[in-house]
């Protein structure tokens, strides 16, 4: 009798089908592996990078140049506020600073609402085919797409600038240039930025560094443009002209908003949509708590030097135009540093690079800005210029690395949830730091010494953020194993 042979499988049997497994185990199918997102082409990556870069330039770039408007509103030549703040015995510096920080804060804080809406739209939770007895609701849901949200954001931004051009009081600016513009920026910022890290893997920090360099590039262009327009046509027409520029530049990128790479996976194969809310288990992790505290402190401190570069430059005896040019130079250095620091993070470890850049930023505040405040007038300008260069290089580290760091520490599936919460915290920190700094500003007759309390406040905030990031590095290393490059 010929002996029959049976082929031996080279792969290991499914779980539960080992030696001694019964027929019940054999009839149980093995769980399917988690579906992988579709591959990404270089062309798609390029579109994602460029559209997000321009979105950052229009939102963060503008926010980083608000110091030019703040210096203008406090000057005797301004033509918007009645009565002029310069004619008051105690100028409302803190309240005017809050116009800019309210816009900046809402740009970030709005993600806690925008990200869940985008996720529901992409997953189909609010799809127009869902059961509904109301015809108007079905029509509204059919129009609710990520493109609709970003286009509405651009329109709100331009409307806010136009309405601000008719303002006569600070509270008018708070409602228009602060609240309305900030809310519109949030609707543009998150749909374009939130899915961007999903399109990159090995060079994620480099890609995000380039995207976030749009903030520095936008500030580099807008700062001297605003200063020139304010000097030539006044505040009202500057706001109207920029409303048109924002509309022309913003609508094309609003139309090019990318879709999450997990959207099709979630709809076709996964019963759950991408996480957009932080769970209680995630919120109780030490790495999450330390990351949130670091985000608040860094956001509160990082914006302070940018807010006061134009005004402090004028106090040192320089012109307002030079102050605007220094702010533009700071944004230029910051833009280049974000790309380079993102690349360094991919090579040396994102957490290591983040801690080092934060420490350098905090040290430069005490070593250079504080020394400029305390030094004689002959050396104050040189120290101030050195501070702007060093701080602009180091301050770009956090912006370039924290999106990739979130994906690394918490996982790419949790990125949308953690990123939205962290940016909410950063928005609150931004609205906290500069107004407090405005209250700490001394009397005008004190000269450069009026900024001493602001410098101590800024340095303490950045040093606290550094300590928290060291804690994140320590706890994450303890949980996942100690590594030199992390």
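In this note's numbering, the protein residues as written are 1 to 486. By construction, the Cβ of each residue, glycine as well, lies at the ideal position given by its N, Cα and C atoms.
Straight-line Cα distance separating residue j from residue i
i           : j           : result
residue 115 : residue 447 : 45 Å
residue 74  : residue 437 : 16 Å
residue 294 : residue 193 : 21 Å
residue 145 : residue 251 : 15 Å
residue 91  : residue 442 : 11 Å
residue 149 : residue 187 : 6 Å
residue 465 : residue 143 : 42 Å
residue 463 : residue 211 : 26 Å
residue 468 : residue 361 : 15 Å
residue 232 : residue 408 : 48 Å
residue 164 : residue 477 : 49 Å
residue 474 : residue 235 : 49 Å
residue 259 : residue 44  : 11 Å
residue 218 : residue 56  : 8 Å
residue 305 : residue 395 : 10 Å
residue 240 : residue 229 : 11 Å
residue 452 : residue 370 : 7 Å
residue 365 : residue 121 : 44 Å
residue 191 : residue 255 : 11 Å
residue 85  : residue 344 : 45 Å
residue 372 : residue 281 : 46 Å
residue 348 : residue 342 : 10 Å
residue 242 : residue 308 : 22 Å
residue 440 : residue 147 : 43 Å
Proximity winner among the options, relative to residue i (alpha-carbon distances)
i           : options            : result
residue 384 : 299, 326, 417      : 326
residue 113 : 350, 278, 362, 412 : 278
residue 167 : 237, 189, 107      : 237
residue 432 : 77, 102, 61, 342   : 102
residue 157 : 245, 334, 472      : 245
residue 176 : 371, 155, 84, 222  : 155
residue 72  : 199, 471, 319      : 319
residue 197 : 47, 207, 189       : 207
residue 399 : 457, 199, 87, 334  : 334
residue 392 : 96, 357, 151       : 357
residue 435 : 301, 378, 216, 49  : 301
residue 66  : 42, 209, 98        : 98
residue 180 : 159, 195, 307      : 159
residue 456 : 379, 368, 195      : 368
residue 387 : 422, 243, 312, 88  : 312
residue 488 : 87, 169, 314       : Outside the displayed span of the chain (1 to 486) sits residue 488, for which this structure offers no information.
residue 104 : 284, 63, 479, 87   : 63
residue 286 : 78, 58, 471        : 471
residue 161 : 54, 257, 182       : 182
residue 54  : 79, 257, 110, 152  : 257
Residue i classed as buried or exposed, judged by whether at least 16 other C-beta atoms fall within 10 angstroms
i           : result
residue 68  : buried
residue 411 : exposed
residue 204 : buried
residue 18  : Low local confidence applies: a pLDDT of 40 at residue 18 is under 50, so the model's placement there is unreliable, and no value is given.
residue 310 : buried
residue 418 : buried
residue 52  : buried
residue 107 : buried
residue 83  : exposed
residue 223 : buried
residue 248 : exposed
residue 185 : buried
residue 449 : exposed
residue 76  : exposed
residue 331 : buried
residue 351 : buried
residue 298 : buried
residue 303 : buried
residue 397 : buried
Next item on the list: Jot down the residue ranges of each uninterrupted alpha helix (DSSP H) in the stretch 271-347, minimum 4 residues, whole runs only, in chain order.
Entry: 280-283, 286-315
Item checked: Minimum length 3: unbroken beta strand (DSSP E) runs contained in the stretch 156-227 -> none
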